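For the record, in the sequence shown the residue sitting at position 103 is 425 according to the numbering used here, with numbers rising by one throughout. Report on the following structure.
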Amino acid sequence: MCGGRVVTEQVEGKSVEARKTRRSGNSFEKDSVGLYLQEIGRIPLLKPDEEVILARTIASGGPAGERAKRKLVQANLRLVVSIAKKYLNRGVPFLDLIQEGSLGLIRAAEKFEYERGYKFSTYAYWWIRQAITRAVASQARTVRLPVHMVEKINKVKKIRRDLTQQLSRTPNPAELAEALELSEDELEAILRAARRTVSLNISVGKEEDTELIHLIDDAQSDPLDVSIDRETMREEVSELLSRNLTARERDILQLRFGLSDGQQRTLDQVGRIFDLSRERIRQIQAKAFRKLRRARQRQRLQEWIGTF
């Protein structure tokens, strides 16, 4: 979560004291939110033609593009607050919701397709909401690895890939540990940390009667290989979803099946995150599955979440 970051760098000339360190209790947050709302309330709204001019300038890049992006973002910060209010009391402080939504707004300004005739606020809505719902979902993660451990896990993955290419086979634990200049016990400790980020006992598949571990493990699998293969597979699945689904469809599947954090969620739980009905989530999920069935890499995904 953003915690230590300024709520937004986009309020020109001010950091709006909703930032870096929070005093005890809710009073500081209320004061900070009030000050922030006062600041953004002074920023004039834009007309559609002004948004188009700014979007063109952003596309041109350079210092002028950065100034235009800042102006476009500033004029739409009220929208972030409006959306963030819908996600209060879900485990994320209001200022953090605003921060994450502001990052989504900045992303929208960078990708705004003005040629299609969209109003910017309509386009930005989904980027803001996506950023906020991800922040809410991340609160449910069972384990947050320290940065140094993430770096170690990534190094293990890289060395393993390199050795696999060199040896034309998967390296055994001793070979991998030697290449990393670690003992096998040290390597195992790193892989245990990686394993804790994903639950292998979540139920998946059409009838939700198959456990994930049965899809990626067998009697011949080395636990060390399974741990790193799972990380590689997760990266490939994420890439597959990004290429074939909308942002909302991708987020819903990731939440439903725990593809990012290992925690499977029910239709009702995902619906609450997106402020949608259980049936609507089911429909979006079904549509996403239809798209993925047409994807050339469907088999790789099925290895992860089972047959649709």
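C-beta: ideal position from N, C-alpha, C; glycine also. Please read these numbers as outputs of a predicted model, since none were measured by experiment.
If you look at Leu-419, you'll find it in the alpha helix (DSSP H) that goes 416-433. Per DSSP, Glu-437 lies in no alpha helix (DSSP H) and is assigned neither H nor E. Beyond the five residues adjoining it in sequence on each side, Ser-582 comes within less than 6 Å, by CB distance, of Gln-576 in the same chain, given in chain order.
Put simply, the backbone Cα of Lys-408 is about 49 Å away from that of Pro-495. In the DSSP assignment, Ile-606 falls within the alpha helix (DSSP H) that extends over 600-615. Within the same chain, Ile-420, Gly-423, Ser-424, Leu-427 and Ile-450 come within 7 Å of Val-402 by CB-CB distance, once the 5 residues on both sides are set aside.
Rounded to whole angstroms, the gap between the alpha carbons of Lys-391 and Lys-433 is 11 Å. Three or more beta-carbon pairs separated by less than 8 Å are not found between the region 485-500 and the region 434-454, which leaves the two stretches without contact. For Arg-600, the CB contacts under 6 Å within the same chain, skipping 5 residues up- and downstream, are Leu-589, Asp-590 and Gly-593 in chain order. Per DSSP, reduced to three states, the secondary structure at Asp-597 is coil, with no helix or strand assignment. Look at Ala-390 here: in three-state DSSP terms it is helix.
For the options Arg-429, Lys-480, Met-471 and Val-414, the alpha carbon positioned closest to that of Glu-508 is the one of Met-471.
DSSP places Ala-381 inside the alpha helix (DSSP H), whose first and last residues are 370-382. If the five residues before and after Arg-456 are omitted, its C-beta is found closer than 6 Å to no C-beta atom of its own chain. Just so you know, the alpha carbons of Asn-476 and Tyr-358 end up roughly 39 Å apart. Shown here for Lys-474: same chain residues with a beta carbon closer than 7 Å to its own, the five before and five after excluded, namely Ile-512 in chain order. Of all alpha-carbon atoms in Arg-570, Asp-597, Gln-585 and Gly-384, the one lying nearest the alpha-carbon of Ala-608 is that of Arg-570. With a beta-carbon spacing of about 7 Å, Gly-413 and Val-458 fall inside the 8 Å limit used to define contacts.
By the C-beta density criterion, Gln-586 is buried, having at least 16 other C-beta atoms within 10 angstroms. A residue is called buried once 16 or more other Cβ atoms fall within 10 Å of its Cβ, and Gly-580 is buried on that count. Setting aside the 5 residues that flank it on each side, Ala-610 is surrounded in the same chain by Leu-567, Glu-571 and Leu-575, each with a C-beta closer than 6 Å to its C-beta; the list follows chain order. Leaving aside the five residues that flank Lys-393 on each side, the residues in its chain whose CB is nearer than 7 Å to its CB run, in chain order, Leu-376. The C-alpha of Ala-453 lies about 15 Å from the C-alpha of Ser-564. For a cut-off of 8 Å, the C-beta gap from Glu-373 to Phe-442 is around 4 Å, short enough to register as a contact.
Straight across, the Cα-Cα distance linking Ala-499 with Arg-482 is about 10 Å. Contact check for Tyr-440 against Arg-378 fails: the beta carbons are separated by 8 Å or more. Taking a 10 Å sphere around the C-beta of Asn-411, we find fewer than 16 other C-beta atoms and assign the residue as exposed.
In the three-state scheme derived from DSSP, where H, G and I count as helix and E and B as strand, Tyr-358 is classed as helix.
DSSP places Gly-413 in the coil class of the three-state scheme, outside both helix and strand. Residues Lys-408 of the same chain have their beta carbon placed closer than 7 Å to that of Asp-597, with the five preceding and five following residues left out of the count.
In this chain, the alpha helix (DSSP H) harbouring Glu-497 covers 495-502. Just so you know, the alpha carbons of Leu-502 and Val-478 end up roughly 7 Å apart. Ser-505 sits in coil when the DSSP states are folded into three classes, being neither helix nor strand.
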